[in-house]
Amino acid sequence: MSKVDPATPGLPVPPLRWQGLAPVYAPDARWLLLGSFPGLASLKIQQYYGHPRNQFWRLLGDVKGIALAGLPYEERLAALRHHRIALWDVITETERQGSLDSAIRRPAASDLGRLLQALPALEVIAFNGGTAGRLGLRQLQQLQQQGSLQAHQQGPQQAHQDQQQPVGLLAKLYRVLVLPSSSPAHTMPYDQKLQAWRALAGPGEPPASQG
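As numbered in my numbering, residues -14 to 196 make up the sequence shown, in order.
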């Protein structure tokens, strides 16, 4: 049920316009992880994946073999930069009531083209969940059609095989993944999520420590 605006009884409260978080990266990043838009818990504390039940930090830590979830937030970000991982969302601003992606209205797209230009060593673009994948792939394909994607110093990359596999130059430049959402609203068992997230590490990378 919609909330009622006390200033105008009988009329629903309009959705709030929210501003997202700034990207986190170092120029030598090899992986770019893109979510949809921060939930209310994350916006309140101005931290990526700030909901205590969101599994992002645990998943990424298990993929890399580091205890990210147990670190203070600023140390988590420092660890991302050290391990050459960039973090952002595909939406920079939106109207939304609550935290669900299904409630997103009138989203403004993040400037992925500018970020990609700042990451010449990038090899992997991974979307955290289906909404991020759908919107993000649309943006990347628009950049490709506009001729805004350029070859980078690492050379061509093999595209990940999935149902939303990119085509053309995009597939040659980056390995693109659409991963199961780390959100608690996505009820896939953790072990299954982790198995999918391990695709972040390419075939030439050593597996993370399981200990």
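Note that beta-carbon positions come from the ideal geometry of N, C-alpha and C, so glycine has one too.
Report the option in the options whose CA atom is closest to the CA atom of residue i.
i: Ala156; options: Leu164, Ala170, Leu122, Leu179; result: Leu122
i: Gly114; options: Gln126, Leu1, Lys178, His36; result: Lys178
i: Arg91; options: Leu1, Leu100, Leu185, Glu190; result: Leu1
i: Tyr197; options: Leu107, Thr116, Ala54; result: The question about residue 197 has no answer, for the chain in this structure spans -14 to 196.
i: Gln102; options: Thr77, Gln4, Arg15, Pro23; result: Arg15
i: Leu65; options: Val75, Gln180, Glu78, Pro8; result: Pro8
i: Ala111; options: Gly20, Leu6, Asp13; result: Gly20
i: Ala170; options: Leu128, Tyr34, Arg160; result: Tyr34
i: Thr116; options: Ser166, Asp176, Leu56, Pro57; result: Ser166
i: Ala71; options: Leu134, Gly55, Leu6, Asp176; result: Leu6
i: Pro57; options: Leu162, Val75, Glu190, Gln32; result: Gln32
i: Glu59; options: Glu78, Ile30, Thr79; result: Ile30
i: Leu162; options: Ala63, Gly132, Leu185; result: Leu185
i: Leu100; options: Tyr175, Glu190, Gly118, Leu128; result: Leu128
i: Trp73; options: Leu18, His67, Gln130; result: Leu18
Tell me which same chain residues have a C-beta within less than 6 Å of the C-beta of residue i, skipping the five on either side of it?
i: Trp182; result: Leu44, Val48, Leu164
i: Gln124; result: Ala94, Leu97
i: His36; result: Gly24, Ala26
i: Asp13; result: Arg69, Ala106
i: Met173; result: Pro165
Apart from the five residues just before and just after residue i, which ones in its own chain have a Cβ nearer than 7 Å to its Cβ?
i: Gln195; result: For Gln195, the predicted structure reports a pLDDT of 47, less than 50, and the residue's modelled location is therefore unreliable. The matter cannot be settled from this model.
i: Ala54; result: Trp42, Arg43, Gly46
i: Ser168; result: Asn39, Gly114
i: Leu28; result: Trp3
Skipping 5 residues on each side, what residues in its chain have a beta carbon closer than 8 Å to that of residue i?
i: Gly187; result: Glu108, Val109, Arg160
i: Leu203; result: Nothing about residue 203 can be reported from this structure: the residues present for the chain run from -14 to 196 only.
Measure the beta-carbon distance from residue i to residue j and round it to whole angstroms, keeping in mind my assumption that it falls under 8 Å.
i: Leu158; j: Leu134; result: 6 Å
Quiz item: With contact counted as at least three CB pairs below 8 Å, one residue from each stretch, are the segment 39 to 51 and the segment 91 to 106 in contact?
Solution: Too few Cβ pairs lie closer than 8 Å, so no.
Practice problem: Please specify which runs of the beta strand (DSSP E), each continuous and at least 3 residues long, are wholly inside the segment 59 to 106, giving them in chain order. | Solution: 70 to 74, 76 to 81, 90 to 94
Quiz item: Enumerated in chain order, which unbroken segments of the alpha helix (DSSP H) with a length of 4 residues or greater are wholly contained in the segment -7 to 40?
Solution: Taken in chain order, the complete alpha helix (DSSP H) segments of 4 or more residues contained in the segment -7 to 40 are 25 to 30.
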